[in-house]
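Structure first, commentary second.
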């Protein structure tokens with residue numbers, strides 16, 4: 004169940020993680036997410052296993068390594084079932100949450116508009132319902148036979164109905180938002196405006212790029228998921244208006260509750276004529292981050308759209324724009340594909356923006372000259 008302990012201010016956190024064969028995990032990233040909520044990580048316990056323990060996630064013996072004297076809260080790297088969470092809490096005497104809850108709480112804190120708040124509430128409700136289902140199955144199993152129906156089970160069913168009603172209401176409200184967006188998009192199409200969506204891993208400088216290209220005042224902060232609301236600005240190229248939209252940042256194993264709930268925000272990606280896939284060229288985990296972006300775009304059925312790869316933050320690795328050609332070696336073999344153009348920029352310093360505008364102009368011309376779908 005979604006716990007009150009997601010306010011991690013002053014909490015001392017023990018992170019637990021299972022590393023399965025051939026699986027990439029990033030515990031440092033989870034540590035950063037926890038710290039973004041004000042928590043202090045005092046311990047990390049990683050266990051290599053072929054599979055999660057069905058009852059306790061990490062093995063029961065491994066739980067003995069958790070520093071229950073200093074830690075006040077356990078955060079699990081992977082999503083936990085109701086029984087895994089309950090068993091861990093019983094074994095350690097500490098409350099337990101998982102990475103999904105941490106990300107949902109960050110989203111809740113960053114949400115500014117009604118639309119973003121509705122989407123976060125919906126994601127939380129989906130998460131709560133999935134855990135109540137697990138709780139109901141366990142209570143049914145413990146009930147001891149057909150027809151048994153304890154008070155705990157009845158309470159769970161009542162809670163589940165309440166959450167389903169909440170989900171229905173939130174989805175209705177979001178449908179109204181989506182209808183309004185559709186009207187706006189139809190208006191743009193009538194005016195023949197082309198749309199560009201800026202996408203990428205969280206915290207790679209997407210909002211800074213929107214501001215640099217459009218001079219639109221957008222919220223910029225060096226924190227995970229600073230932008231949850233779509234911000235759209237105008238860029239004028241050869242007398243034509245191109246609309247540039249900033250979107251929510253992606254992350255490795257983005258919880259499916261968020262992809263399902265943020266349909267209104269992510270529709271900007273699905274409807275865009277062109278994608279700018281922004282990445283931090285200085286990131287040590289560049290290949291993994293780009294793979295995560297690719298996976299989300301494929302889930303949205305948007306990976307095959309025209310795209311430009313935008314290598315941002317080049318000022319972190321070179322001292323002048325003239326040296327940007329050297330950076331091809333840095334990203335060699337790390338991009339998911341080689342057919343789309345790559346532009347090196349520093350949105351912060353303004354390096355490479357003219358080159359990026361040229362590439363946007365070329366891509367938009369190709370989109371404009373392409374035959375309409377179904378013709």
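Residue numbers (the numbering used here): 4 to 378. Glycine included, C-beta positions come from ideal geometry on N, C-alpha and C. Owing to the predicted nature of the structure, the values given are computational and were not obtained by experimental measurement.
(request) Excluding the 5 residues preceding and the 5 following residue 295 in the sequence, name in chain order all residues of the same chain whose CB lies nearer than 7 Å to its CB. (result) What you label residue 295 is simply residue 292 of the chain shown in a count that begins at 1. Only 204, 253, 254, 255 meet the Cβ criterion.
(request) Using the Cα positions of residue 92 and residue 67, report the straight-line distance between them to the nearest angstrom. (result) By 1-based counting over the chain shown, the position of residue 92 is 89. By 1-based counting over the chain shown, the position of residue 67 is 64. Approximately 12 Å between the Cα atoms of the pair.
(message) Suppose you measure from the CA of residue 80 to the CA of residue 365; what does that come to, to the nearest Å?
(response) The residue you call residue 80 lines up with position 77 of the chain shown. The residue you call residue 365 lines up with position 362 of the chain shown. Residue 80 and residue 365: Cα-Cα distance of roughly 43 Å.
(request) Mark residue 187 as exposed unless 16 or more other C-beta atoms lie within 10 angstroms of its C-beta, in which case mark it buried. (result) Translated into the one-based positions of the chain shown, residue 187 becomes position 184. By the neighbour-count rule (16 or more Cβ atoms within 10 Å), residue 187 is not buried but exposed.
(message) Can you tell me whether residue 113 is buried or exposed? The criterion is at least 16 other CB atoms within 10 Å of its CB, across all chains shown.
(response) Within the chain shown, numbered from 1, the residue matching residue 113 stands at position 110. So residue 113 ends up on the buried side.
(request) To the nearest angstrom, report how far apart residue 258 and residue 103 are at their CA atoms. (result) Mapped onto the chain shown, residue 258 falls at position 255. Mapped onto the chain shown, residue 103 falls at position 100. Cα to Cα, the separation comes out at about 6 Å.
(request) Return the chain-ordered list of same chain residues with a C-beta closer than 6 Å to the C-beta of residue 180, the five sequence neighbours on each side being excluded. (result) Counting from 1 along the chain shown, the entry for residue 180 is found at position 177. Contacts found: 118, 267.
(request) Assign residue 85 to one of three DSSP states: helix, strand, or coil. (result) Here the question's residue 85 lines up with position 82 in the chain shown. Helix, per DSSP.
(request) For residue 70, count neighbouring Cβ atoms within 10 angstroms of its own Cβ and tell me buried if that reaches 16, exposed if not. (result) Translated into positions along the chain shown, residue 70 becomes position 67. That one is exposed.
(message) Suppose only complete runs of 3+ residues qualify. What are the beta strand (DSSP E) ranges in the stretch 276-360, listed by chain order?
(response) 277-283, 310-315, 345-347
(message) Our contact map puts residue 200 next to residue 250 with C-beta atoms below 8 Å; I'd like the distance itself, whole angstroms only.
(response) Position 197 of the chain shown holds residue 200. Position 247 of the chain shown holds residue 250. Residue 200 to residue 250, Cβ: 6 Å. Contact.
(request) Could you have a look at residue 54 and say whether DSSP puts it in helix, strand or coil? (result) For the purposes of this step, residue 54 is taken as the residue at position 51 of the chain shown. Three-state result, residue 54: coil.
(message) As an exercise, report each continuous beta strand (DSSP E) stretch of at least 3 residues that is fully enclosed by the stretch 161-245, in chain order.
(response) 197-203, 234-240
(message) Is the separation between the beta-carbon of residue 271 and that of residue 248 shorter than 7 Å?
(response) Counting from one through the chain shown, the residue named residue 271 turns up at place 268. Counting from one through the chain shown, the residue named residue 248 turns up at place 245. In contact: residue 271 and residue 248 (Cβ atoms closer than 7 Å).
(request) Out of 277, 305, 349, 324, state which residue places its alpha-carbon closest to the alpha-carbon of residue 370. (result) Along the chain shown, read from residue 1 onward, the residue named residue 370 stands at position 367. That would be 277, whose Cα lies nearest to the Cα of residue 370.
(request) Would you kindly work out how many angstroms separate the C-alpha atoms of residue 225 and residue 208, rounded to a whole number? (result) Here the question's residue 225 lines up with position 222 in the chain shown. Here the question's residue 208 lines up with position 205 in the chain shown. In this predicted model, residue 225 has a pLDDT of only 48, less than 50, meaning its place in the structure is not dependable enough to derive any value.
(message) Could you pull the DSSP bridge partners for residue 119 from this structure?
(response) Within the chain shown, numbered from 1, the residue matching residue 119 stands at position 116. Paired residue(s): none; residue 119 is not in a bridge.
(message) Tell me the residue span of the beta strand (DSSP E) that contains residue 13.
(response) Within the chain shown, numbered from 1, the residue matching residue 13 stands at position 10. Counting along the chain, residue 13 falls outside any beta strand (DSSP E), and DSSP gives it neither H nor E.
(request) Report yes or no: do three or more beta-carbon pairs, one from the stretch 157-173 and one from the stretch 329-340, lie closer than 8 Å? (result) no
(message) Using only the alpha-carbon positions, how far apart do residue 51 and residue 64 sit?
(response) Working through the chain shown from its first residue, we reach residue 51 at position 48. Working through the chain shown from its first residue, we reach residue 64 at position 61. Their Cα atoms are separated by approximately 13 Å.
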